[in-house]
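In the UniProt record's numbering, the protein residues as written are 1 to 89.
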């Protein structure tokens, strides 16, 4: 979840008249957060591949998954839990 994009999407939908989104939006505490640096890394990796590029959307999904697999990613639960544990990550 890229939080700023989520908030932008919520604002756009509210402008269109969607007012009951709070009752319909569920976010898992296990959902990993996508940060701007994930998107930057995604774009740089794609550029480095040159002609062998894979056609990424550059939304940071690959690098976010890499942090998930490496157990270094930040999850929603990390934001809602003990702040000292969040600081360690």
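Just so you know, even glycine gets a beta-carbon here, dropped at the ideal spot from N, CA and C.
Inter-residue Cα distance where the pair is residue i and residue j
i	j	result
residue 54	residue 62	11 Å
residue 25	residue 81	20 Å
residue 16	residue 6	15 Å
residue 71	residue 64	10 Å
residue 30	residue 87	18 Å
residue 50	residue 44	10 Å
residue 18	residue 52	42 Å
residue 85	residue 8	28 Å
Rounded Cβ spacing between residue i and residue j (contact assumed at less than 8 Å)
i	j	result
residue 56	residue 36	With 8 Å as the limit, residue 56 and residue 36 do not qualify as a contact, their Cβ atoms being about 16 Å apart.
residue 68	residue 32	5 Å
residue 27	residue 76	6 Å
Beta-carbon contacts of residue i that lie in its chain and below 6 Å, excluding the five residues immediately before and after
i	result
residue 38	60, 63, 64
Same chain, Cβ closer than 8 Å to residue i, five either side skipped, listed in chain order
i	result
residue 3	33
* **Sequence ranges, alpha helix (DSSP H) only - wholly within the stretch 50-83, length at least 4** => 61-69, 76-80
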